[in-house]
Structure formats: C-alpha cells, structure tokens
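Participant: Structure in structure tokens, see below.
Residue numbers (my numbering): 132 to 403.
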C-alpha cells in the first residue's frame, strides 16, 4: 500500500500577502500539497503557485486541475517545466477537461471549448507532448467517466476520482473497481486519490450553492465526499478505504484545513 498524502485546495486570496500567508499556514499544518484551481478566482494559477513555492520549503504545489482548453500544449509545457525545475520537483501537474462553466472563461481567453469527447482527445495529445520531457512533473488526472478513467489508467501518475457529491461507498467502489481493471499491470504505479467536500455535518452555504445539496443531507445519505469530524473515526474511514480501494491521496478545500489537519495527524499516528 502507498503511504498517505494529504492536500489542501487553496481558497481565493485578494493579494499576494494573504496568498503567501495561506501557503505558509498549509505547510505549517503539516500538509503534503497545496493545490490551486484554474483560474483561482480570476487569477492565473501559475503566477500564484510560483509565489507559494517561494515562501515554502518542502510543500508540494500543484494544479487541481488545469483546464486543458485554456492553453496550447507548448505554452503549458513551458510553464509546467519552469515550475518543475525551479522548485526542484515540488510541482505536480493536475490536468482536466474543464469544470462546468469553464466555457465562459475559455471564451474570454479567445479559446475554443469543444464537446467533451473532443476535449478528452485534445488532452490526450497534450499529455503526449508533455511526456516528451524525460524529467517532468508528476501528472495528476481527475476523472470519473469511462473515457477519463481509461485515459488516466493509461497515462496518469495519480488519479483523483471526481464523483458526484452524493456518491455512496457502493457507487464509489464500482468506479474504483472499473479503474483498477482498466489500469491492469500499471495499477501498482498509480497513486489513487479523492477530493472531499467537507468534514463534519455542519451546513455550508458555499457547498450547498455549488453542489446543490448541503452537508447534512450528504452525511445522512452516506456520501463518501464527507468525513466524520472526530479525527479517530475519520482516520478509521480513510484507513479502511485505503485497504479496500487503494486510495491514499486525500484533498479538501481550505475551509476545512484545521479539522482535516487533525484527521491527517490521526491517520499518521495509526500507521498511515
């Protein structure tokens, strides 16, 4: 089994002072990675990742995840290799086809935003370009649908399963099993991960607005996207998922950094 890694998907900061303070705090809390969305509010993720790298020592920085349609492969490769080299390997490249609503940002950038199937085909070509570099960043792919699972099984160093908020353990197991079968002999090489929505059962207006369902309802439905607030119980859940599914890389948004740090500590104390 792979050792656990824990990461925070950063929140928006109004300026570099608060942004770098957030990066320093994430490292201080003992997390392995600080991840950024694309865009971060309205900001370019590569600019902010460079600033985060400058004020941290061991923290891995990464994208969660870049929308492939926003950039051509050559420009992306240049940016990714720069961060990879300048951080001495502390950068991991998360890549996806664009979350809902990304078409509007693509239009602002003057970029095309084709149908999902075409975006996946285009991203496969981007990955081929990126992998021409023998020394490259770790490649993280996010996916849950058949085509993305197949691409990740073939190309990813890490897969982060992107399943709907209400996904139950039974549904999650079906997706993980499908991926494990697709990966075949590559499976031992691939790190399996998931992104949580919440810790505990308190309502969250932000999550309710984004996911169209609030945290208490997710808890009541047994969703795998929420962990118990009690660190010991949450640690037992994560250890069970690693034993059962092989999932060892777990991330959550910055609003839950403090309770999630306690959970990460409990997992490590238990041998994770």
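We treat Cβ as the ideally placed atom computed from N, Cα and C, and that holds for glycine.
Ordered along the chain, which non-local residues of its own chain (more than five positions away) have a Cβ less than 7 angstroms from that of residue 144?
Facilitator: Position 13 of the chain shown holds residue 144. The answer, listed in chain order, is 150 and 153.
Participant: How would you call residue 132, buried or exposed, if buried means at least 16 neighbouring beta carbons within 10 angstroms?
Facilitator: Numbered from 1 along the chain shown, position 1 holds the residue referred to as residue 132. With fewer than 16 other Cβ atoms within 10 Å, it is exposed.
Participant: Measuring straight from C-alpha to C-alpha, what distance separates residue 406 and residue 324?
Facilitator: As shown, the chain starts at 132 and ends at 403. That puts residue 406 outside it, with no answer to give.
Participant: Quick one: grab the DSSP three-state call for residue 305.
Facilitator: Along the chain shown, one-based indexing puts residue 305 at 174. Note: residue 305 maps to helix in three-state DSSP.
Participant: Taking the alpha helix (DSSP H) that residue 374 falls in, what are its first and last residues?
Facilitator: Taking the first residue of the chain shown as position 1, residue 374 is located at position 243. From DSSP, the alpha helix (DSSP H) with residue 374 extends over 362-376.
Participant: For residue 142, which of 258, 156, 135 and 262 has the nearest alpha-carbon?
Facilitator: The count along the chain shown starts at 1 and reaches residue 142 at position 11. When each option's Cα is compared against that of residue 142, the closest is 156.
Participant: So that I know if they touch, is there some Cβ in chain B lying closer than 7 angstroms to that of residue 222?
Facilitator: This model lacks chain B altogether, as it is built from one protein chain only.
Participant: Looking at the strands, I want to know which residues DSSP matches up with residue 214.
Facilitator: Position 83 of the chain shown, counting from 1, holds the residue named residue 214. None; residue 214 has no bridge partner.
Participant: Which residues share a DSSP beta bridge with residue 290?
Facilitator: Within the chain shown, the letter at position 159 stands for residue 290. 272 and 323, per the DSSP bridge assignment.
Participant: What is the rounded straight-line gap between the Cα of residue 328 and the Cα of residue 384?
Facilitator: Numbered from its first residue, the chain shown carries residue 328 at position 197. Numbered from its first residue, the chain shown carries residue 384 at position 253. If I take the Cα positions, the gap works out to 7 angstroms.
Participant: For a test of the three-state rule: what should DSSP assign to residue 174, helix, strand or coil?
Facilitator: In the chain shown, the residue the question calls residue 174 occupies position 43. Here residue 174 sits in strand by DSSP.
Participant: DSSP puts residue 299 in a beta bridge; with which residues?
Facilitator: Stepping through the chain shown from its first residue, residue 299 is reached at position 168. According to DSSP, which records beta bridges pairwise, residue 299 is partnered with 354.
Participant: Taking just the CA atoms, how far does residue 272 sit from residue 247?
Facilitator: Here residue 247 corresponds to residue number 116 of the chain shown, with the count starting at 1. Here residue 272 corresponds to residue number 141 of the chain shown, with the count starting at 1. When rounded, the distance between both Cα atoms is 15 angstroms.
Participant: As a quick exercise: from 331, 382 and 378, pick the residue whose alpha carbon is nearest that of residue 365.
Facilitator: By one-based count along the chain shown, residue 365 stands at place 234. Among 331, 382 and 378, the Cα nearest to that of residue 365 belongs to 331.
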